[in-house]
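Report on one structure; see the data block that follows.
Protein chains: 2
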Amino acid sequence: MDIEKRSGCPINLTMEVLGDRWSLVVIRDMMFGNRRHFRELLSKSVEGIASNILAARLKRLVSLGLISKCDDPSHSQKTIYSLTEPAIQLVPVLAMIGSWGRQHLPVSEALSIRAQLLEEGGQQMWDHFMDDLRQIHIEDPVGGASGRRTSPVLAQLTEAFERVRRGSPDSR
Amino acid sequence: MDIEKRSGCPINLTMEVLGDRWSLVVIRDMMFGNRRHFRELLSKSVEGIASNILAARLKRLVSLGLISKCDDPSHSQKTIYSLTEPAIQLVPVLAMIGSWGRQHLPVSEALSIRAQLLEEGGQQMWDHFMDDLRQIHIEDPVGGASGRRTSPVLAQLTEAFERVRRGSPDSR
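Here it is as structure tokens:
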């Protein structure tokens, strides 16, 4: 793993891996948006990630073992990106970060409804969500990327997001 | 707040506030090491933070409302830095990050014993710890910085750290 390892503290090491503003945002888009191709991650980014930054972050996350790559059988030029087990286990971390952000920062309603549902759902929902993510990222990444394999928890979160977004002018 | 606000997503906003590798490490040292003066934060840093980076991060965290400053009555030249309520509420986030790091990254034994205890203690321990931190950072920052006011949870974590460190050659 190409991290600096300035100390063996778990908080420091996690920040060396994920503390660059974009890495966790890319993982978030793969996890909650099921964006599995470079083009989707680029064009649907609400934060407007730049193409070179996205490419560098994906490469780094692959080298760190948080993302895996495979060919897309339906598009010979395309690569499918999937979350690995360590990245899937970030669900509780992202849920806690989402709760904190929702409480202390100027979040938008549409973009925080999923954080609210994850907070309310607690550990039981996180466990279900992680099981779902294992199905669509690890066991069947091709089916998961194409939408043939779906996740009930993800569908629930996405439906809530779309509902709030339709009713709210402020989706950024 | 001087953050970019590239989107209103709670995960993105939290990373804009804390996703710079050093900010959370400074908060960690104030929270778990009760380091409340610039000199301590600088000289005891196991990651070897540079003086100018520490100064910039402290200033930024004060401007973001995560750290407060007050004069130290026993040293006219010194400033006491304290965590604010939003920073204290990062305890569950830091606990989750610590758990994840401990499981997936090459942590050292001494520097991960506190993360282990926080993980095992769960929400109840986090609540006690946050109450303790409110005492020594918000209600009585001067007494908390001088050690006249102490935190039982912090004492327990520190004692475990010192015990493991004495028994382990690898404390970085």
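Taken in order, these protein sequences are the chains called V and D. Everything in the first sequence is counted per our numbering, starting at 1 for the first residue and increasing by one. Everything in the second sequence is counted per our numbering, starting at 1001 for the first residue and increasing by one. Even for Gly, the Cβ is constructed at its ideal location relative to N, Cα and C.
At a Cβ threshold of 8 Å, is residue i touching chain D?
i                      : result
residue 52 of chain V  : no
residue 126 of chain V : no
residue 11 of chain V  : yes
residue 14 of chain V  : yes
residue 160 of chain V : no
residue 105 of chain V : yes
residue 156 of chain V : no
residue 164 of chain V : no
residue 108 of chain V : yes
residue 153 of chain V : no
residue 88 of chain V  : no
residue 112 of chain V : yes
residue 97 of chain V  : yes
residue 24 of chain V  : yes
residue 57 of chain V  : no
residue 17 of chain V  : yes
residue 36 of chain V  : no
residue 101 of chain V : yes
Below 8 Å on the Cβ atoms is my contact criterion, and I expect residue i with residue j to pass it. Report the Cβ-Cβ distance as a whole number of Å.
i                       : j                       : result
residue 1097 of chain D : residue 84 of chain V   : Actually they do not touch by this definition, with Cβ atoms about 18 Å apart.
residue 51 of chain V   : residue 67 of chain V   : Between residue 67 of chain V and residue 51 of chain V the Cβ distance is about 17 Å, and since that is not below 8 Å, they are no contact.
residue 1011 of chain D : residue 28 of chain V   : 5 Å
residue 117 of chain V  : residue 55 of chain V   : That belief does not hold up - the Cβ atoms of residue 117 of chain V and residue 55 of chain V are roughly 32 Å apart, past 8 Å.
residue 1114 of chain D : residue 1032 of chain D : 6 Å
residue 1019 of chain D : residue 19 of chain V   : 5 Å
residue 1100 of chain D : residue 90 of chain V   : 6 Å
residue 1026 of chain D : residue 1041 of chain D : 7 Å
residue 1023 of chain D : residue 1061 of chain D : 6 Å
Answer yes or no: does any C-beta atom of chain V fall closer than 8 Å to that of residue i?
i                       : result
residue 1040 of chain D : no
residue 1077 of chain D : no
residue 1135 of chain D : no
residue 1020 of chain D : yes
residue 1120 of chain D : no
residue 1044 of chain D : no
residue 1115 of chain D : yes
residue 1092 of chain D : yes
residue 1006 of chain D : yes
residue 1142 of chain D : no
residue 1030 of chain D : no
residue 1033 of chain D : no
residue 1048 of chain D : yes
With DSSP as the reference, please indicate the residues paired to residue i in a beta bridge.
i                       : result
residue 1140 of chain D : Bridge partners of residue 1140 of chain D: none, in fact.
residue 68 of chain V   : V:82
Starting from residue i, trace the beta strand (DSSP E) in both directions and tell me its first and last residue.
i                      : result
residue 117 of chain V : Here residue 117 of chain V belongs to no beta strand (DSSP E); instead the alpha helix (DSSP H) covers 109-133.
residue 83 of chain V  : 79-83
Where does the unbroken alpha helix (DSSP H) through residue i begin, and where does it stop?
i                       : result
residue 53 of chain V   : 51-63
residue 153 of chain V  : 152-167
residue 1046 of chain D : Element bounds for residue 1046 of chain D: n/a, residue is neither H nor E.
residue 12 of chain V   : 10-18
residue 98 of chain V   : 91-104
residue 23 of chain V   : 23-33
Q) Counting Cβ pairs, one atom from each stretch, are 3 or more of them under 8 Å apart for the stretch 46-53 of chain V and the stretch 1001-1010 of chain D? A) yes
Q) Within the chosen definition, does the stretch 125-135 of chain V reach the stretch 152-160 of chain V through at least 3 CB pairs nearer than 8 Å? A) yes
Q: Could you tell me whether the stretch 1073-1081 of chain D touches the stretch 1030-1037 of chain D, using the rule of 3 or more Cβ pairs below 8 Å?
A: yes
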